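So the protein sequences, as listed, match chains A and B. Position in the first sequence (from 1) plus 1420 gives the number in the working numbering. Position in the second sequence (from 1) plus 1420 gives the number in the working numbering. Encoded as structure tokens, the structure appears first; notes follow it.
There are 2 protein chains.
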Amino acid sequence: MTLAQSSSDFMACADCNIRNRAVCATCEPHELSRLEDIKYYRTFDAGQSIMFEGDEMHFVASVVSGAATLSRTLPDGRIQMVGLLLPSDFIGRPGRDAVAYDVVAIQKVTLCCFRRKPFENMIKDTPHIGQRLLAMTLDELEVAREWMMLLGRKTAREKITCLLSLIGRRTASLHMQKLQDGLSFEMPMSREAMANYLGLTIETVSRQMTALRKDGIIELGGTRTITIPDLAGLMAETGDDTDGMMLT
Amino acid sequence: MTLAQSSSDFMACADCNIRNRAVCATCEPHELSRLEDIKYYRTFDAGQSIMFEGDEMHFVASVVSGAATLSRTLPDGRIQMVGLLLPSDFIGRPGRDAVAYDVVAIQKVTLCCFRRKPFENMIKDTPHIGQRLLAMTLDELEVAREWMMLLGRKTAREKITCLLSLIGRRTASLHMQKLQDGLSFEMPMSREAMANYLGLTIETVSRQMTALRKDGIIELGGTRTITIPDLAGLMAETGDDTDGMMLT
DNA sequence: CGCAATATTGAGCGCGATCAAGTATGGTGG
DNA sequence: CCACCATACTTGATCGCGCTCAATATTGCG
């Protein structure tokens, strides 16, 4: 029944790299083994759709590796991304039959999937999972609201610098780099994806990237390789209060 | 210790008008009586601040009546509202010491407050509350994401018609009006509040309201009394898929 | 190498912001 | 009851950021 879609057929939860950040983070060993019974892995290539808005939701999942986006589309074709899914993030909404957003892989993605019904039952009788999911959902809500500020009130330059600073710092923390000396990373998304995430057009994204390069705020090696010589300088352009954020 | 701030000192939960929609909706009688022990009412006048961003959060609360807003402010003063709190909505984030947004009453508001620590303990040992809070938070997340689409991709006219349609339909459902023949309601917020909610300026809001009036989409009697002769006509201007939304 | 997809650059325009008056509206005290 | 003032809202003139349309350049891939 459970069709293996991937080469990595099985991995023990104990060995999982998102073990202590995902929805299963606070599970006891016996809870974990129940999850282990209903989980299965799937992978999707960059560009592949994972779920379509309006479809029936057969499974929920944790992102194990790679990246995906949540987006909505207006009848006339305008697109707005409403979420970025990175390792340990949760996909799907318990208690809802239909998918509310398009979910698309922007890098090769591995998911740890749970069939929806068994997972919903586990929420009911496993408080740890429900509590963890609540905390994660509250975090997502805060991220969404910070993004509302960006979309509603920030200029194009501020939007771009916010995104670069976000991705840059996240990548650095993943690789334990220190932030002081030049930070280098790969952008996980195309110019079009950036535009849809920031509420801009491709052309404006491109122009602002060029402007930031000319101003010495960033350096580009290929379109997706970005170097930030002075992170504080970049963050001074975001419009945010920069105090205390350098600690992360 | 618990200082009564209001004339309505006490109300039995059983008689509460948000009893079956708020965070307490799925509570059993014994759980409800525990909540009843730690609850107290407070009222705030229109314009009064309820919480300030960064302050310590002493209590969480349900909105019983009236309306309040959540907003964030950039260092240079730009404001973006990130949430609208109406009766049955929940204020505060369990497990977090500091308030993440400014909370301001935009109408006279009555809150059903719970001191934070006792409430957090109840979440741990009362699954019904945690589950209800999870469902409500997921709903809020969906609303926030729909608002991201509005802020990032919609025109000023679409933004205004979305807001009017939202408030109008909600008011109608509260008063059990049928939607077909002219719908009339009071706008609960100023032009400035509308602007901050929609990511626009006051002037643009005002101009779009005038334009909609001249186009016969809305009628104005005083600045806050709004009549919508043809709701379908208004909704055709929102940019959304209008199918199926008229049922609500 | 050749093609397709992606990104950059340019010219011009228009939507919504800004700056600036002007007009209700509502509360207060004489 | 009305004159007064503060606040909220509307309207007008102009500006400029980001969009549109269009051409060119670059990248990635068979």
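Glycine included, each C-beta is placed from N, C-alpha and C at the ideal position. In this text, all values refer to a predicted model and were calculated from it rather than measured experimentally.
Close Cβ partners of C1444 (chain A) (< 7 Å) along its chain, the five nearest in sequence each way excluded: On the first sequence, residue 1444 (chain A) is found 24 positions in, with the first residue counted as 1. Correct list, in chain order: C1433, L1452 and L1455.
Report yes or no: is there a C-beta of chain A within less than 8 Å of the C-beta of V1443 (chain B)? Translated into positions along the second sequence, residue 1443 (chain B) becomes position 23. No, V1443 (chain B) lies away from the interface with chain A (no Cβ there is under 8 Å from its Cβ).
Using a Cβ cut-off of 8 Å (strictly closer), state whether D1661 (chain A) contacts chain B. As a first step, residue 1661 (chain A) must be located in the first sequence, where it is residue number 241. D1661 (chain A) counts as touching chain B.
Identity of the residue in B:A1555, B:F1534 and B:P1538 nearest K1544 (chain A) by Cα: By one-based count along the first sequence, residue 1544 (chain A) stands at place 124. Ranking the options by Cα distance to K1544 (chain A), first place goes to B:A1555.
I need the DSSP call for S1491 (chain B), collapsed to helix, strand or coil. For the purposes of this step, residue 1491 (chain B) is identified with residue 71 of the second sequence, where counting begins at 1. Strand.
Per-residue DSSP class, three states only, for I1637 (chain B): Within the second sequence, numbered from 1, the residue matching residue 1637 (chain B) stands at position 217. Coil at I1637 (chain B), not helix or strand.
Are the CB atoms of Q1551 (chain B) and T1658 (chain B) within a distance shorter than 8 Å? Counting from one through the second sequence, the residue named residue 1658 (chain B) turns up at place 238. Counting from one through the second sequence, the residue named residue 1551 (chain B) turns up at place 131. No; because the gap between Cβ atoms is not below 8 Å, this pair is not in contact.
Residue interval of the beta strand (DSSP E) (run including F1539 (chain B)): Position 119 of the second sequence, counted from the start, is the residue given in the question as residue 1539 (chain B). From DSSP, F1539 (chain B) is part of no beta strand (DSSP E) but of the alpha helix (DSSP H) over R1536 to D1545.
Could you name the residues of chain B that A1487 (chain A) contacts, counting a contact when the two beta carbons are closer than 9 Å? On the first sequence, position 67 is the one that residue 1487 (chain A) refers to. The premise fails here: A1487 (chain A) is roughly 18 Å from chain B at the closest Cβ pair, so nothing lies under 9 Å.
Alpha carbon of M1629 (chain A) to alpha carbon of I1458 (chain B), nearest angstrom: Translated into positions along the first sequence, residue 1629 (chain A) becomes position 209. Translated into positions along the second sequence, residue 1458 (chain B) becomes position 38. Cα to Cα, the separation comes out at about 54 Å.
Roughly how many angstroms separate the alpha carbons of T1647 (chain B) and D1509 (chain B), rounded to a whole number? Indexing the second sequence from 1 puts residue 1647 (chain B) at position 227. Indexing the second sequence from 1 puts residue 1509 (chain B) at position 89. Cα-Cα distance, rounded: 26 Å.
Check whether the region 1513 to 1530 of chain A touches the region 1564 to 1578 of chain A, counting contact only when three or more Cβ pairs, one atom from each stretch, lie closer than 8 Å. no
Using a Cβ cut-off of 8 Å (strictly closer), state whether L1553 (chain B) contacts chain A. Position 133 of the second sequence holds residue 1553 (chain B). Yes, its Cβ sits closer than 8 Å to a Cβ of chain A.
Are L1571 (chain B) and E1560 (chain A) close, meaning C-beta to C-beta below 8 Å? Mapped onto the second sequence, residue 1571 (chain B) falls at position 151. Mapped onto the first sequence, residue 1560 (chain A) falls at position 140. The answer is no: Cβ separation not under 8 Å.
Could you give the distance in angstroms between the alpha-carbon of Y1521 (chain B) and the alpha-carbon of E1473 (chain B)? The residue given as residue 1521 (chain B) occupies position 101 in the second sequence. The residue given as residue 1473 (chain B) occupies position 53 in the second sequence. If I take the Cα positions, the gap works out to 4 Å.
List, in order along the chain, the chain B residues whose C-beta lies closer than 7 Å to that of L1558 (chain A)? Along the first sequence, read from residue 1 onward, the residue named residue 1558 (chain A) stands at position 138. The contacting residues are R1513 and T1557.
Where Y1521 (chain A) falls: helix, strand or coil (DSSP): Here the question's residue 1521 (chain A) lines up with position 101 in the first sequence. In the structure shown, Y1521 (chain A) sits in coil (DSSP, three-state: anything other than H, G, I, E or B).
Tell me, to the nearest whole angstrom, how far the beta carbon of S1482 (chain B) is from that of L1553 (chain B); I am working on the premise that it is less than 8 Å. Here residue 1482 (chain B) corresponds to residue number 62 of the second sequence, with the count starting at 1. Here residue 1553 (chain B) corresponds to residue number 133 of the second sequence, with the count starting at 1. Not a contact, Cβ separation roughly 11 Å.
Coarse secondary structure for L1506 (chain A), derived from DSSP in three states: Position 86 of the first sequence holds residue 1506 (chain A). Three-state result, L1506 (chain A): coil.
Which residues in chain A sit within 8 Å of G1572 (chain B), going by Cβ to Cβ distance? Locating residue 1572 (chain B) in the second sequence gives position 152, counting from the first residue. Those within 8 Å of G1572 (chain B) in chain A are Q1500, L1571, L1618 and G1619.
Quick one, which of B:I1622, B:M1655 and B:M1569 has its alpha-carbon nearest G1588 (chain B)'s? Indexing the second sequence from 1 puts residue 1588 (chain B) at position 168. Measuring from the Cα of G1588 (chain B), the nearest candidate turns out to be B:M1655.
Rounded to a whole number of angstroms, what is the C-alpha to C-alpha distance between I1622 (chain A) and R1498 (chain A)? Along the first sequence, one-based indexing puts residue 1622 (chain A) at 202. Along the first sequence, one-based indexing puts residue 1498 (chain A) at 78. If I take the Cα positions, the gap works out to 13 Å.
Contact list for the region 1514 to 1536 of chain A against chain B, Cβ threshold 9 Å: P1514, G1515, R1516, A1520 and Y1521
Express the C-alpha separation of D1660 (chain A) and F1479 (chain B) in angstroms, rounding to a whole number. As a first step, residue 1479 (chain B) must be located in the second sequence, where it is residue number 59. As a first step, residue 1660 (chain A) must be located in the first sequence, where it is residue number 240. Approximately 28 Å, taken between the alpha carbons.
For M1542 (chain A) versus G1512 (chain A), is the C-beta spacing smaller than 8 Å? Your numbering for residue 1542 (chain A) matches position 122 in the first sequence. Your numbering for residue 1512 (chain A) matches position 92 in the first sequence. Not a contact, by the Cβ cut-off of 8 Å.
According to DSSP, is K1459 (chain A) part of a helix, a strand, or is it coil? Mapped onto the first sequence, residue 1459 (chain A) falls at position 39. The answer is strand: DSSP assigns K1459 (chain A) an E or B state.
Is the distance from the Cβ of P1449 (chain B) to the Cβ of S1485 (chain B) below 8 Å? In the second sequence, residue 1449 (chain B) corresponds to position 29, counting from 1. In the second sequence, residue 1485 (chain B) corresponds to position 65, counting from 1. Against a cut-off of 8 Å, the Cβ pair of S1485 (chain B) and P1449 (chain B) comes out as no contact.
Test: E1562 (chain B) CB closer than 8 Å to a CB of chain A: The sequence position of residue 1562 (chain B) within the second sequence is 142, counting from 1. Yes, contact with chain A.
According to DSSP, Q1500 (chain B) sits in a beta bridge with which residue or residues? Sequence index remark: in the second sequence, residue 1500 (chain B) carries index 80 (1-based). Q1500 (chain B) pairs with B:R1492.
How long is the line joining the alpha carbons of K1634 (chain A) and V1502 (chain A), rounded to whole angstroms? Indexing the first sequence from 1 puts residue 1634 (chain A) at position 214. Indexing the first sequence from 1 puts residue 1502 (chain A) at position 82. The alpha-carbon atoms of K1634 (chain A) and V1502 (chain A) are separated by roughly 30 Å.
Cβ of T1557 (chain B) within 8 Å of Cβ of T1557 (chain A)? Along the second sequence, read from residue 1 onward, the residue named residue 1557 (chain B) stands at position 137. Along the first sequence, read from residue 1 onward, the residue named residue 1557 (chain A) stands at position 137. Yes. Within cutoff.
Through-space distance from R1536 (chain B) to D1663 (chain A), alpha-carbon basis: Taking the first sequence and counting its residues from 1, one reaches residue 1663 (chain A) at position 243. Taking the second sequence and counting its residues from 1, one reaches residue 1536 (chain B) at position 116. Between D1663 (chain A) and R1536 (chain B), the C-alpha separation is close to 28 Å.
Who are the near neighbours of T1493 (chain B) in its chain, counting only those whose CB is closer than 6 Å to its CB and skipping five residues on each side? Counted from its first residue, the second sequence places residue 1493 (chain B) at position 73. Hits under 6 Å: I1499.
Determine whether the Cβ of R1565 (chain B) lies closer than 8 Å to any Cβ atom of chain A. The residue given as residue 1565 (chain B) occupies position 145 in the second sequence. So yes, R1565 (chain B) belongs to the interface.
Under 8 Å, Cβ to Cβ, is there at least one residue of chain B near R1492 (chain A)? For this step, residue 1492 (chain A) is matched to residue 72 along the first sequence. Interface residue, yes.
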